[in-house]
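J.: Pasting a structure here, questions to come.
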Amino acid sequence: YCSAEVTITNLLDLPAVRGLVLNTRDVSERKTLEAKLTHQAFHDPLTDLPNRAAFRIHLDHALDGEGERRIAVLFLDLDDFKAVNDTLGHDIGDKLLAAVGARIASTLRPGDTVARLGGDEFAVLLKSMEDEHIATRVAERITRQFIAPFGIGGKKITVHASIGIAGLVSGQEAAEELIRNADVAMYIAKTKGKARYIEYDATLAGAALHLMELEADMPHALAEKQFVLDYQPVVWLESGAIHSAEALLRWNHPERGLLAAPDFTAVAERSGMIVELGRWAVQQAARDARRWQVRYPSTPPMAISVNLYGRQLQRPELVSEVVDAVDAAGLDPQSLILELAESVLTDHHQPLGPVLQELRQRGFRLALDNFGVGYSSLGRLRDLPVDILKMDRSFVAGIGQGVTDGAILRAIIGIANSLGLMTIAEGVERPEQLAALNGMGCHAGQGFYLSKTVDFEGMEALLASCIQSSSGRQLPPAWRQTA
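Just add 79 to the spot in the sequence shown (first one is 1) and you have our numbering.
What follows is the structure, given as structure tokens:
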């Protein structure tokens, strides 16, 4: 069949004709073009999913027609998607977005809608929900769909999503309000560790506003030198001598007071500011380490450890930036320990092994932080390019309260020692923990029982009060008692 445009002209009064004249024109090509233009207006060209405008129409219709039936909006944002474009290229990134859209669609019920809102953001409209838990079950299914890597261009790419859920609360919410509420919940999910979903409630709006304000304040804060480093010593359990000190990032916010790293690093990761913050922290830690080595010499020299964040490790400039930092400070690379969270090794799209191996070849030591709370198994330890294993405080807290944590710690310490790794226990807060860890063969510890966290001046005072011995600068007994 074809599409035709018909014009009827009444010529009954014309003696020469005395009839109706039909003019027919084939407009199939025009109709096909109009259909294509309509489709393009309401569909995303990359994924062929409905776009933001179409999603808004679907949502408006649902709000007008659902009556008492439940509806919900899910707002999805891919975690660290920029790293895919930066490391693998935009062509791979575009193909990944199309695959993500198809995978999300495969989890939905008939009648539900998934749309690409733009960038790496997707939205889902759930209609006619029989109960209030359907939205969380769908979010859980979508989250599980991201466990398996995507095969794109011969590469296996792992990507996760943060999801915000918003349903009708008062029954009077407008479409934009539902989308905004889901967006707020997604923002909170991302700052709580990503790869998770959170349901919106009224309390989240204030929390999201707080985080957004921190994000807006951050560039000025770095320029105005509001960020500082506090330090916590890491102590040899056998001798009580200081092995190193961990540099802990703090924000001396003019209105909110002194903020610890967990209060703002997730926001910095989301915005990308973590790259500049991390670079500054490495530079400052190197300068502080060299200053203390000159003023308070010991054998071996005291080292400083500083955290590296996921976005830093994705950048090809990282190695040269760290090398430049120690060169500028006049510090031996062996005196700068680079800490990375266990989850960093599993959450990124490109293998980090080559970067970490190059850092080690340049003389830097690498420490795996918070071991035991991420995804690494004991069997993987031999494959990880690290020199130091820092065991999470949750295991240390359980010492003396049950056999499980003690058995796990013994296993971790035993395997680490057999692989030639140094072991550090985090969160040592009681004397019985110190004694038990020492008995298990743990090398060093960190926690309030050994030393509290101090600012730069406090660290100088601590080092000045230490007792010089053949094993290094030992903490004075009085300091340990007041910790």
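Glycine included, every Cβ here is placed at the ideal spot set by N, Cα and C.
Taking L438 as the reference, give the member of E84, P129, I416 and I171 with the closest Cα.
T.: Out of E84, P129, I416 and I171, I416 has the C-alpha closest to the C-alpha of L438.
J.: Based on DSSP bridge pairs, tell me the residues matched to N386.
T.: Answer is E418.
J.: Sort R374, Y388, P333 and A365 by Cα distance to T344 and report the nearest one.
T.: Of the candidates R374, Y388, P333 and A365, the one whose C-alpha sits nearest the C-alpha of T344 is Y388.
J.: Using the rule of at least 16 other Cβ atoms within 10 Å of the residue's Cβ for burial, across every protein chain shown, is F527 buried or exposed?
T.: Exposed: under 16 other Cβ atoms inside 10 Å.
J.: From the DSSP secondary-structure annotation, give me the bridge partner or partners of L195.
T.: One detail in the question is off: residue 195 reads as Arg in this sequence, not Leu. The partner list for R195 (beta bridge, DSSP) reads F201.
J.: Give the single residue among R259, R275, Q436 and G524 whose Cα lies nearest to the Cα of A284.
T.: Among R259, R275, Q436 and G524, the Cα nearest to that of A284 belongs to R259.
J.: Would you say L447 and L431 are within 7 Å of each other, going by their C-beta atoms?
T.: Their beta carbons are not under 7 Å apart, which means L447 does not touch L431 by this criterion.
J.: If you count every other CB in all the chains shown that lies within 10 Å of the CB of V313, and 16 or more means buried, which is it?
T.: Buried, by the Cβ-count rule.
J.: What beta strand (DSSP E) runs, 3 residues minimum, are completely inside the region 481 to 538?
T.: 501 to 505 and 523 to 525, all fully within the region 481 to 538.
J.: From the DSSP secondary-structure annotation, give me the bridge partner or partners of D156.
T.: Beta-bridge pairing links D156 to E200 and S241.
J.: DSSP state of F47, grouped into three classes?
T.: No information on residue 47 is available, as it lies outside the stretch 80 to 562 that the chain covers here.
J.: Between the C-alpha atoms of T192 and A340, what's the straight-line distance to the nearest angstrom?
T.: Computed Cα separation, rounded: 39 Å.
J.: What residues match up with A320 in a beta bridge as DSSP calls it?
T.: DSSP output for A320 lists Q553 as bridge partner(s).
J.: Under 7 Å, do R135 and A254 count as touching if we go by C-beta distance?
T.: Cβ atoms of R135 and A254: closer than 7 Å.
J.: Looking at the strands, I want to know which residues DSSP matches up with D448.
T.: Beta-bridge pairing links D448 to A420.
J.: Expressed to the nearest angstrom, what Euclidean distance is found between the alpha-carbon atoms of N449 and M470?
T.: If I take the Cα positions, the gap works out to 5 Å.
J.: Under three-state DSSP, which class holds Y454?
T.: At Y454, the pLDDT of 49 sits below 50, so the modelled position is not reliable and the matter cannot be decided from this model.
J.: Determine the direct distance from the alpha carbon of S473 to that of L548, and round the result to whole angstroms.
T.: Before going on, a small fix: residue 548 reads as Ser here, not Leu. Between S548 and S473, the C-alpha separation is close to 33 Å.
J.: Nearest-angstrom Cα distance between L290 and A281?
T.: Roughly 15 Å separates the two Cα atoms.
J.: Going by DSSP in three states, V361 sits in which element: helix, strand or coil?
T.: In this structure, V361 counts as helix in the three-state DSSP scheme.
J.: Please decide whether K531 counts as near chain D, where near means a Cβ-Cβ distance under 7 Å.
T.: Included in the structure is just one protein chain, with no chain D present.
J.: In the structure shown, what three-state DSSP assignment does Y266 receive?
T.: Helix.
J.: Mind checking who I150 pairs with in its DSSP beta bridge?
T.: The partner list for I150 (beta bridge, DSSP) is empty, contrary to what the question assumes.
J.: Give the secondary structure of D471 by DSSP, where H, G and I count as helix, E and B as strand, and everything else as coil.
T.: D471 falls in the coil class under three-state DSSP.
J.: Could you have a look at I546 and say whether DSSP puts it in helix, strand or coil?
T.: I546 falls in the strand class under three-state DSSP.
J.: Determine contact between the region 231 to 250 and the region 167 to 177, defined as no fewer than three beta-carbon pairs at a distance below 8 Å.
T.: Yes, since at least three Cβ pairs between the region 231 to 250 and the region 167 to 177 fall closer than 8 Å, the two stretches touch.
J.: Residue range of the beta strand (DSSP E) that G98 falls in?
T.: Per DSSP, G98 belongs to the beta strand (DSSP E) from G98 to D105.
J.: In the structure shown, what three-state DSSP assignment does H212 receive?
T.: It is coil, neither helix nor strand.
J.: Using only the alpha-carbon positions, how far apart do S323 and E292 sit?
T.: If I take the Cα positions, the gap works out to 35 Å.
J.: Report the three-state DSSP secondary structure of L125 (helix, strand or coil).
T.: DSSP places L125 in coil when its eight states are reduced to three.
J.: Considering only the alpha carbon of each residue, which of D158, M519 and P124 lies closest to V423?
T.: Of the candidates D158, M519 and P124, the one whose C-alpha sits nearest the C-alpha of V423 is D158.
J.: Looking at the secondary structure, which residues open and close the beta strand (DSSP E) in which V179 lies?
T.: Counting along the chain, V179 falls outside any beta strand (DSSP E), though it belongs to the alpha helix (DSSP H) covering H169 to A184.
J.: CB A464 to CB L419, shorter than 7 Å?
T.: Residue 464 is actually Pro in this sequence, not Ala. Their beta carbons are not under 7 Å apart, which means P464 does not touch L419 by this criterion.
J.: Drop a sphere of 10 angstroms on the beta-carbon of L498, count the other beta-carbons inside from all chains shown, and report buried for 16 or more, exposed for fewer.
T.: It is exposed - the Cβ of L498 has fewer than 16 other Cβ atoms within 10 Å.
J.: Just the Cα atoms here: how many angstroms apart are Q305 and L128?
T.: Roughly 45 Å between the two C-alpha positions.
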